[in-house]
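Engineer:
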Amino acid sequence: MSPEIAFTGRTTDQEIDAVAICPEYPEYMVIGTYSLLKPDSPRSYAGQTRQGTLQVLTLWPEFRPKYAGMLPPQLDRVAFPSAVVDIHFHPTDATLLGIATSSAQVHIFRFIKHGDVLGRRVITTLLPLGSVTVSASDEHGLTPLVTQFTWFPNLRSRGILGISDVQDISFAAVTSFGETKIVRTSVARIKDLYDQRAGPDLPPLPVTIVDVHKHDLEAWTVATAALRLPEESENGTICRMIFSGGDDSALIASAIELPNPRSEPGTPSVLAYDTTSSTAMPLWKDRRNHTAGVVAILPLPQLTIWSDDGLEPNRGIIPLLTGSYDEHLRVFEIDPRTYRATFKTEMRLGGGVWRLKVLDQYTTTGEQRQHHTLILASLMHAGAAIIRLTHTPSSNAETWTINLLSRFRAGHESMVYCCDATLEGAEKEPGQVGQQEAPSYTIVSTSFYDMKICTWRFLDDFKAQHRAQSLVPG
1 MSPEIAFTGR
11 TTDQEIDAVA
21 ICPEYPEYMV
31 IGTYSLLKPD
41 SPRSYAGQTR
51 QGTLQVLTLW
61 PEFRPKYAGM
71 LPPQLDRVAF
81 PSAVVDIHFH
91 PTDATLLGIA
101 TSSAQVHIFR
111 FIKHGDVLGR
121 RVITTLLPLG
131 SVTVSASDEH
141 GLTPLVTQFT
151 WFPNLRSRGI
161 LGISDVQDIS
171 FAAVTSFGET
181 KIVRTSVARI
191 KDLYDQRAGP
201 DLPPLPVTIV
211 DVHKHDLEAW
221 TVATAALRLP
231 EESENGTICR
241 MIFSGGDDSA
251 LIASAIELPN
261 PRSEPGTPSV
271 LAYDTTSSTA
281 MPLWKDRRNH
291 TAGVVAILPL
301 PQLTIWSDDG
311 LEPNRGIIPL
321 LTGSYDEHLR
331 VFEIDPRTYR
341 ATFKTEMRLG
351 GGVWRLKVLD
361 QYTTTGEQRQ
371 HHTLILASLM
381 HAGAAIIRLT
391 HTPSSNAETW
401 TINLLSRFRA
411 GHESMVYCCD
421 ATLEGAEKEP
431 GQVGQQEAPS
441 YTIVSTSFYD
451 MKICTWRFLD
461 DFKAQHRAQS
471 LVPG
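Residues in the sequence shown are numbered consecutively from 1, following UniProt numbering.
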């Protein structure tokens, strides 16, 4: 591990608990903040206890003009009368942004980058498209936090372009009431500020909510994995497993069949919001493998295990990673036929494993064929870390190996709750085989109480060294 990592640091004006680099414009990121109101602070409504912001920032703090006369960018900022708890760009629509809040809502924004009238300054705008309420208040009037959400990658566009076109979107979410839910809604397909539908008076969004399962205490994390694609189904539905983790130390799984959204450009938007009902099927609840709350879940793409001679596929597995307050990263295998989970290995990382993100996946072939996954981890009081997970097939039994490659703590003096990364240079697709240089990542890590943002780099020297060994995309 690197004893020292060079970094650039800066301080914000509120506590940071969410960050996302824009996939379309990776020179910009969006942070979400979470602050408790002081007793004498003004309030937007009776009973308000939290506030937050959504802020656009540059990835690196220093301004680097691309041409003479270029001015620093104008960066948008949106204030909320609640805390921002989680943020994600949509995996299929790279400028569609979702925001989970402490007021039981998910807000949808369009990230827009444009120039001023003279072309000397970049302006970023977070254009609101609407919001949905994920969960109702309880009998005491308490409102739950949406503690995390995850997009379903499928979306449908329909309607008349620029006039009535909308996008049908869906996501899974968990709340501080322990609930796991699936939410489906539609938003106007607004791509720029000149769309006549853009403005402050947004119509209510249609919404369908499916209850999946529930924890005994707060639920902190949710993830999904596809079990069957539409082309493999008689009725064209998508079968998914829904995983959640909570303060009750439980990892819970359910299965659900969801409609497959198909784009229908040119069709009237009134035809369509699909309210087809779906019912979740409980699968299992695991309380044995975690000794504290489950706060991170990361399913990986399905792996094919080959026969001993390497000629025939033997079976498929879905690797599943979990992170816990007990400071361990754990690896499970999900059998996509039986839905059962088998514990494989674990590693103590020295801090609560709060978030996990895949940076790359690739396969090396030499004496042994190995599949590698590069992971960025947010480890609370232990900082941020880069981990390589390796799967090695064998005629006797496959093995999983966890290697801690690098840890970054120097710029942080409190809990690291969120990190993100973007790949630099010529190799812009994970797993891509190309030049001999080591892939370079720009990492952004943030810490909560000291309100710090640190930007640093990581080089995957291992991948560069093994390119000669018939590197194959994972």
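We put the beta carbon where it would ideally sit given N, CA and C, even for glycine.
Express the C-alpha separation of T373 and R189 in angstroms, rounding to a whole number.
Structural biologist: Within the sequence shown, the letter at position 189 stands for residue 189. Within the sequence shown, the letter at position 373 stands for residue 373. In a straight line, the C-alpha of R189 is about 35 Å away from that of T373.
Engineer: Taking one C-beta from the stretch 278-297 and one from the stretch 188-206 each time, how about it: are there three or more such pairs within less than 8 Å?
Structural biologist: Here the stretch 278-297 makes no contact with the stretch 188-206; the two share fewer than three CB pairs at distances below 8 Å.
Engineer: Taking Cβ to Cβ, would you say L359 is nearer than 8 Å to L376?
Structural biologist: Here residue 359 is taken as the residue at index 359 of the sequence shown, counted from 1. Here residue 376 is taken as the residue at index 376 of the sequence shown, counted from 1. Yes, they are a contact pair.
Engineer: Are H391 and S447 close, meaning C-beta to C-beta below 8 Å?
Structural biologist: Start at 1 with the first residue of the sequence shown, and residue 391 comes out as number 391. Start at 1 with the first residue of the sequence shown, and residue 447 comes out as number 447. No, the pair does not count as a contact, with Cβ atoms beyond the cut-off.
Engineer: Short check: CB of V212 to CB of K181, under 8 Å?
Structural biologist: Here residue 212 is taken as the residue at index 212 of the sequence shown, counted from 1. Here residue 181 is taken as the residue at index 181 of the sequence shown, counted from 1. Against a cut-off of 8 Å, the Cβ pair of K181 and V212 comes out as a contact.
Engineer: Judging by CA-CA distance, which residue of I297, F458 and L75 is the nearest neighbour of W220?
Structural biologist: Against the sequence shown, residue 220 aligns to sequence position 220. The alpha carbon of W220 has as its nearest neighbour, out of I297, F458 and L75, the alpha carbon of I297.
Engineer: In whole angstroms, what is the alpha-carbon distance linking A243 and E179?
Structural biologist: Stepping through the sequence shown from its first residue, residue 243 is reached at position 243. Stepping through the sequence shown from its first residue, residue 179 is reached at position 179. Position check: residue 243 holds Phe in this sequence, whereas Ala was assumed. When rounded, the distance between both Cα atoms is 12 Å.
Engineer: Is T322 near R330, with beta carbons less than 8 Å apart?
Structural biologist: Start at 1 with the first residue of the sequence shown, and residue 322 comes out as number 322. Start at 1 with the first residue of the sequence shown, and residue 330 comes out as number 330. In contact: T322 and R330 (Cβ atoms closer than 8 Å).
Engineer: How many angstroms separate the CA atom of Y362 from the CA atom of H371?
Structural biologist: In the sequence shown, counting from the first residue as 1, residue 362 sits at position 362. In the sequence shown, counting from the first residue as 1, residue 371 sits at position 371. Spanning the two alpha carbons is a distance of roughly 6 Å.
Engineer: What is the DSSP secondary structure of Q465, reduced to helix, strand or coil?
Structural biologist: As a working mapping, residue 465 is identified with position 465 in the sequence shown. Residue state, collapsed to three classes: helix.
Engineer: On the DSSP letters alone, give me the boundaries of the beta strand (DSSP E) that H372 sits inside.
Structural biologist: The residue given as residue 372 occupies position 372 in the sequence shown. It spans R369 to S378 - the beta strand (DSSP E) in which H372 sits, taken as one unbroken run.
Engineer: Would you say R240 and T208 are within 8 Å of each other, going by their C-beta atoms?
Structural biologist: Within the sequence shown, numbered from 1, the residue matching residue 240 stands at position 240. Within the sequence shown, numbered from 1, the residue matching residue 208 stands at position 208. Going by C-beta atoms, R240 is not nearer than 8 Å to T208.
Engineer: Please state if the CB of S249 and the CB of R287 are separated by a distance shorter than 8 Å.
Structural biologist: Walking along the sequence shown from the start, residue 287 turns up at place 287. Walking along the sequence shown from the start, residue 249 turns up at place 249. For R287 and S249, yes; Cβs fall inside 8 Å.
Engineer: For G141, is the classification buried or exposed, using 16 other Cβ atoms within 10 angstroms of its Cβ as the cut-off for buried?
Structural biologist: Taking the sequence shown and counting its residues from 1, one reaches residue 141 at position 141. Burial call: exposed.
Engineer: Taking the C-alpha atoms as reference points, what is the distance between V117 and I123?
Structural biologist: Residue mapping note: residue 117 aligns to position 117 of the sequence shown, counting from 1. Residue mapping note: residue 123 aligns to position 123 of the sequence shown, counting from 1. Straight-line Cα distance between these residues: approximately 10 Å.
Engineer: Hey, which unbroken runs of the alpha helix (DSSP H) at 4 residues or more fall wholly within the stretch 119-207?
Structural biologist: none
Engineer: In this structure, does DSSP put Q48 in helix, strand or coil?
Structural biologist: By one-based count along the sequence shown, residue 48 stands at place 48. Here Q48 sits in coil by DSSP.
Engineer: Which one of I256, P200 and G293 has the shortest CA to CA distance from D216?
Structural biologist: For the purposes of this step, residue 216 is identified with residue 216 of the sequence shown, where counting begins at 1. When C-alpha distances from D216 are compared across I256, P200 and G293, the shortest belongs to G293.
Engineer: Quick check: what's the CA-CA separation for Y417 versus A410?
Structural biologist: Here residue 417 refers to the residue found at position 417 when the sequence shown is read from its first residue. Here residue 410 refers to the residue found at position 410 when the sequence shown is read from its first residue. C-alpha separation (whole angstroms): 15 Å.
Engineer: Compute the Euclidean distance between the alpha carbons of L97 and V134, then round it to the nearest angstrom.
Structural biologist: Within the sequence shown, residue 97 is the residue found at index 97, counting from 1. Within the sequence shown, residue 134 is the residue found at index 134, counting from 1. Cα to Cα, the separation comes out at about 16 Å.
Engineer: Output the distance between the C-alpha atoms of A328 and I163, rounded to the nearest integer angstrom.
Structural biologist: Walking along the sequence shown from the start, residue 328 turns up at place 328. Walking along the sequence shown from the start, residue 163 turns up at place 163. Note that residue 328 corresponds to His in the displayed sequence, not to Ala. So the two alpha carbons sit approximately 51 Å from each other.
Engineer: With distances taken from CA atoms, which of R407, D138, G52 and A20 is nearest T58?
Structural biologist: The sequence position of residue 58 within the sequence shown is 58, counting from 1. Checking every option, the nearest Cα to that of T58 belongs to A20.
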